[in-house]
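Right, one structure below, let's go through it.
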Amino acid sequence: MANNQTLLSYLMVAPPGIPTENTNETPNTTNSHYSYRDITDRYGNVLQQTQIESEPMPNSPVLAIKTEPMFAIRFNKYIHNRLRRALRAGFQRVAPQLPNLDLTPMTVDIGDAATIIDNFRPDIAFFQTGSPLGSSPNRCPGDLKVSWKWGSGWETASNEAKQREFYQVLSQINYYMKQNNARYGFVLTDTELVPIKRLDGNGRLQLAQPIQWETKGPERLTILLGLWYLGMLGAANNDWRLL
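Here our numbering = 1-based position in the sequence shown + 201.
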């Protein structure tokens, strides 16, 4: 008999810390409406009432990384499949109410799985479940970065090169969001998740407080819960799009 748990508990774990080796570092507002309370106020019933088969986080020794492709492999191992299962379970739970809720079921994959515009490919795509590959808009583009190339604290760094890189990455994700007419996006590194909301077509962005990679446990906003909520924001037909 399967050992089940609530969807909320399933999302309360943290991926293991990822060691790094031989690495070299090469006008926004804060979005305060992206907290554990905000998520559970909106989707608490789904999270508490949905049952999903338990899945322990892999406990084998974590291999170190020194490049972004290596981080992408760790993302696939510790985050991707778990997130996809969580999205599927949540949408199955609310399937009878989808028309009333005005939600489109979403899944997650690499950016190539959604519509590619002018050959620009975000690293991650949230897109309509069951759609032919390359046909659904990327409703919430994501960028994977390593922590020695980007960090949320670099906006106020004394190092001008870090400040430039901070805004360069935001400019890149804003471009992906604008291409797809998406209101939401994110940057994920090996240390934090930063959800992003596009306010207009002129580059104004709101950044949520970063969610730390190691955060876990009851009533904590984890990387997995934060990503799941981004998928739900992308699912909202009346909200995900910003022209």
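Just so it is clear, CB atoms sit at the ideal spot from N, CA and C, and this is done for glycine as well.
For F327, the pairing in a beta bridge is given by DSSP as V309.
K346 and V388 do touch by the CB rule: their CB atoms are close to 6 Å apart, below 8 Å. By the neighbour-count criterion, in which 16 or more other beta carbons inside 10 Å mark a residue as buried, N339 falls on the buried side.
No residue range can be given for D401, since it is assigned to no alpha helix (DSSP H) and is classified by DSSP as neither H nor E.
Straight-line spacing of the CA atoms in I274 and I325 works out to 13 Å. Residue pairing for L394: DSSP places it in a beta bridge opposite L389, I412. DSSP places D344 in the uninterrupted beta strand (DSSP E) bounded by 343-345. Beta-bridge partners of F321 (DSSP): I318. Each residue's CA atom was taken as its position, placing N260 and R283 some 15 Å apart.
Burial is judged here by how many other beta carbons sit within 10 angstroms of a residue's own beta carbon; I219 has at least 16 and is buried. A straight line joining the alpha-carbon of I253 with that of W414 spans about 23 Å. Listed in chain order, the non-local C-beta contacts of W351 below 8 Å within the same chain comprise E366, F367, V370, V388, T390, local neighbours out to five positions each way being set aside.
In this structure the segment 202-217 touches the segment 404-421; the number of beta carbon pairs closer than 8 Å is three or more.
Secondary structure at I266: strand, using DSSP grouped into helix, strand and coil.
Residue burial annotation: N375 is buried, with at least 16 other C-beta atoms found within 10 angstroms of its C-beta. For M271, the closest of Q206, W441, T221, N439 by C-alpha to C-alpha distance is T221. Within the same chain, Cβ atoms closer than 6 Å to the Cβ of R294 are found at V247, T251, the five residues on either side in sequence being excluded. Here S255 is near N204, since their CB atoms are less than 8 Å apart. The beta carbon of L426 is closer than 6 Å to those of L212 in its chain, skipping five residues each way along the sequence. The distance from the Cβ of S353 to that of P411 is about 4 Å, consistent with a contact at the 8 Å cut-off. For A290, the closest alpha carbon among the candidates L209, L394, R442 is that of L209. Per DSSP, the continuous alpha helix (DSSP H) segment holding Q250 begins and ends at 237-250.
Rounded to the nearest angstrom, the Cβ distance from K398 to R384 is 6 Å, consistent with a contact under 8 Å.
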